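J.:
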Amino acid sequence: MGSVIETFKERCTTRQTTLVFPEGEDERILGAASALVEDGLASPVILGDPDVIRTVADQHQVSLEDLEVIDPKTDEARGPYATEYTRVRPVSEETAMKIVGNELVFAALAVRTGDADAMIGGCVRTSGELISAAEEVIGLRPDVSVPSSFFIMELADGDVLFFADSALNENPTAEELADVAVTTGENAATLMEWQSRVALLSFSTKGSADHPDVEKVRKATELAAERAGDCHVDGELQADAALDEDTAARKLGDLGQVAGRANTLIFPDLDAGNIGYKLTQELGGASAFGPILQGFTEPISDLSRGASVEDIVGVAAITASLATGEEHP
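Terminal number for the sequence shown in this note's numbering: 329, no gaps in between.
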């Protein structure tokens, strides 16, 4: 893990959070949860069939000591959670009791009711399933129209950049892109304790080209700037104008607060974002941490299907840091 993850881990040791893992029967989740307890990073809650979990733990020599294991189909919280679920959807108590037996729904309700601070899943269930349960039960922030995601990119020289949205929204509208810019800027400020300088990227810099795609980024920049709070927002900017001051100075008369010094990059669509982060990894030797979901009222993280124990611990450290540091309107 990169040094930025170590920073989040250090923060976690002084700000204990409860993290619920709905895929507790997977050996990687058990290994990560055990590591979180051993290192004093969080209090994990593991969901699943206790007998299966014990068998998997024994097979992989994972200690379950100090891990809270809950079976959503039999736990005493099932009744209160079912009642809470009827406030989310107009279903009978009997139907709600059946639905709450689903680990993803149970985990989301644990977060909704305050029994857990954050939810982490996705290495077994699909991203769509995880996001669907989170949207239904936990819900989006009132000022956000779509969930999105970000990657923390730690460059070879130790610098850190935030990339969004590189994993979720295929072709966001200007309004949705503005949501991505604002939420990413806020989360970057929370996690890094810095002044976020958010650049909305394009193949044009301040009118050097004209195209509907460029116009979308311009409109998104205007909308995001109106809601940016303490974050600095600028666009449309080409990547070199966003990151290099000499290039920005040649292209722009007034650099403002962002051009040449951006630390948060907002890509116009999923093609650009996904290609951008993978190229930065492969050619630039950067480490990529994420994707971390955002836009929900509470922290939720989506794991890669191929996530390792180390990956899950890193995402847990990021998620726990968000859970202890977020302030939403």
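Glycine included, every Cβ here is placed at the ideal spot set by N, Cα and C.
Predicted model only: the values in this text are computed from it and were never measured.
Please specify which runs of the beta strand (DSSP E), each continuous and at least 3 residues long, are wholly inside the stretch 71-105, giving them in chain order.
T.: List check, beta strand (DSSP E) in window: nothing returned.
J.: Spatial neighbours of G285 within its chain, please: C-beta separation below 7 Å, excluding the five flanking residues on both sides.
T.: So the list reads A156, once near-sequence residues are dropped.
J.: Alpha carbon to alpha carbon, what distance is there between A199 and K278?
T.: Cα to Cα, K278 sits roughly 19 Å from A199.
J.: A224 and A178 look like a contact to me (Cβ under 8 Å); what is the Cβ gap, rounded to whole Å?
T.: Confirmed, about 4 Å.
J.: Roughly how many whole angstroms lie between the Cα atoms of A228 and R54?
T.: For A228 and R54, the distance between alpha carbons rounds to 48 Å.
J.: Among all the DSSP beta bridges, which residues are the ones paired with G121?
T.: In DSSP, G121 forms a bridge with D302.
J.: If I'm right that A134 touches F296 with Cβ under 8 Å, what's the distance once you round it to whole angstroms?
T.: Correct: roughly 6 Å between the Cβ atoms.
J.: Within its chain, find whatever has a CB closer than 8 Å to the CB of R28; leave out the 5 residues flanking it on each side and keep chain order.
T.: Hits under 8 Å: C123, A307, S308, V309, I312.
J.: Alpha carbon to alpha carbon, what distance is there between K73 and N102?
T.: Computed Cα separation, rounded: 8 Å.
J.: Quick check on DSSP: helix, strand or coil for P172?
T.: If DSSP states are grouped into helix, strand and coil, P172 belongs with coil.
J.: Taking the alpha carbon of E94 as the reference point, which residue from A82, A209, L293 has its own alpha carbon closest?
T.: Among A82, A209, L293, the Cα nearest to that of E94 belongs to A82.
J.: Cutting at 8 Å between CB atoms, please list the residues of its own chain near V214, excluding the five before and the five after it.
T.: Closer than 8 Å at Cβ, skipping near neighbours: S202, F203, S204, E236.
J.: How about N171 and V146: are their beta carbons less than 9 Å apart?
T.: Their beta carbons are not under 9 Å apart, which means N171 does not touch V146 by this criterion.
J.: By the DSSP assignment, the beta strand (DSSP E) with I275 in it spans what residues?
T.: No beta strand (DSSP E) contains I275, which is instead part of the alpha helix (DSSP H) from 270-284.
J.: Bridge partners for E18 per DSSP, in chain order?
T.: The amino acid occupying residue 18 in the given sequence is Thr; Glu does not appear at that position. Answer is S43, bridged to T18.
J.: DSSP beta-bridge partners for L140?
T.: Paired residue(s): F296.
J.: Return the first residue and the last residue of the beta strand (DSSP E) that S148 is part of.
T.: Taken as a continuous stretch (DSSP letters only), the beta strand (DSSP E) holding S148 covers 148-154.
J.: Write down the C-beta distance between A220 and A181 rounded to the nearest angstrom, noting that I regard them as a contact closer than 8 Å.
T.: With 8 Å as the limit, A220 and A181 qualify as a contact, their Cβ atoms being about 7 Å apart.
J.: Enumerate in chain order the residues of its own chain whose CB-to-CB distance from A57 is below 7 Å, with the five nearest sequence positions on each side excluded.
T.: Closer than 7 Å at the Cβ level, and outside the excluded window around A57, lie L30, L64.
J.: Count the other CB atoms, across all protein chains shown, that sit within 10 Å of the CB of L283; report buried if there are 16 or more and exposed otherwise.
T.: L283 should be labelled exposed.
J.: Considering Cα atoms alone, identify which of S321, S301, G314 is closest to S132.
T.: The shortest C-alpha separation from S132 is found at S301.
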